[in-house]
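In our numbering, the protein residues as written are 666 to 753.
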């Protein structure tokens, strides 16, 4: 899978509201996506809080190790394949 550049758009709130008014399924789809994102985040927080301290620290340490071995800049994202190559 290749990385693709992200396309970022800025849409004023009044234009979004107008679009939601004209086409309610658009508003419903975005609302549903926010609910799904919130549920995923909530699950991650709940799962992480149930773990022991070493288990909670493992992802943080793994990312730091990968970044240091790959010499990544602080803002650059680390993919799963990067971890595999850096950790071994």
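All C-beta atoms, glycine included, are put in the ideal place defined by N, C-alpha and C.
| query | With DSSP run on the structure shown, which of helix, strand or coil describes residue 668? | reply | As a first step, residue 668 must be located in the chain shown, where it is residue number 3. In the three-state DSSP reduction, residue 668 falls in the coil class, being neither helix nor strand.
| request: Leaving out five residues on either side along the sequence, give the residues of the same chain with a beta carbon under 6 Å from the beta carbon of residue 669. | output: If you number the chain shown from 1, residue 669 lands on position 4. Taking residue 669 as the centre and dropping the five residues before and after it, the same chain places no C-beta closer than 6 Å to its C-beta.
| Grouping DSSP H, G and I as helix and E and B as strand, with all else coil, what is residue 675? | Along the chain shown, read from residue 1 onward, the residue named residue 675 stands at position 10. In the displayed model, residue 675 falls within coil according to three-state DSSP, outside both helix and strand.
| Ranges of the alpha helix (DSSP H) found wholly within the segment 678-739, counting only runs of at least 4 | Scanning the segment 678-739 for uninterrupted alpha helix (DSSP H) segments of 4 residues or longer gives 678-687, 689-714, 718-735, listed from N- to C-terminal end.
| message | To the nearest angstrom, how far is the alpha carbon of residue 729 from that of residue 689? | response | Mapped onto the chain shown, residue 729 falls at position 64. Mapped onto the chain shown, residue 689 falls at position 24. Using only the alpha carbons, I get a separation of about 44 Å.
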